[in-house]
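>
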Amino acid sequence: MKPAHLLLAAVGAAAFLPATAWASHVKPGLWEIKAQNNMAHAMPDMSQLPPQVQAQMRAHGVQMNGGGGMTIRRCITPAEAGADTPAVSQNKDCHVENVKATGRSYSADMVCTGRTTMHGHVQITFESPEHYYGTTTVTGMADGRPVNSATKLDAHWLAAACGAVK
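Throughout, the numbering used here is defined as the position within the sequence shown, counted from one, plus 13.
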């Protein structure tokens, strides 16, 4: 499996998680999301990826930590934090459905079709405006190979100013 597709599969539904923010649940500003994935054995060593892939990952605030772990830094804008519904990744081949938000909980499904076909589920609990945690599961096919991924997430607000992080 190509490294880029493997990373896509590993991140899976997490691609839309850093933007899961809506009114009264999270503060705007710089967030750090730590993700631990069960695909550690299949994750490529970031230092072995082509320089352009490494640069693209860093530009999106992604750092591979080894052992299936990654850290994502994401700026939640005031508009995103104040929205009634979560913002989702802009991917023409994916859509979000079955969105449920009750109290401190949020869940949704993501379906991707096209070159990579996946179905993902996310479950998030907002502990405070500065912390949320949850899980994602992703199943599907990437490069003709089956993908089965589970990821645990833990997100913390870092600062009001995002600096260069988008």
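Glycine residues also receive a C-beta, built at the ideal position from the N, C-alpha and C atoms.
(1) Pull the bridge partners of T130 from the DSSP assignment, please.
(2) Opposite C125 in the DSSP bridges: which residues?
(3) DSSP three-state label for G95, please.
(4) What is the DSSP secondary structure of V66, counted as helix, strand or coil?
(5) Is T164 buried or exposed, if buried means 16 or more other CB atoms sit within 10 Å of its CB?
(6) How would you label A68, buried or exposed, when you count the other beta carbons within 10 angstroms and need 16 or more for buried?
(7) Determine, using beta carbons only, whether P41 and P91 come nearer to each other than 9 Å.
(8) Answer yes or no: do W170 and V66 have a C-beta to C-beta separation smaller than 9 Å?
(9) Ends of the beta strand (DSSP E) at G42?
(10) When you compare each of R87, P142, A155, G157 to G116 by their alpha carbons, which one comes out closest?
(11) Who are the Cβ neighbours of E140 in its own chain at under 7 Å, not counting the five residues just before and after it?
Walking through what the data contain:
(1) M154
(2) C107, M131
(3) helix
(4) helix
(5) buried
(6) exposed
(7) yes
(8) no
(9) 42 to 50
(10) P142
(11) Y146
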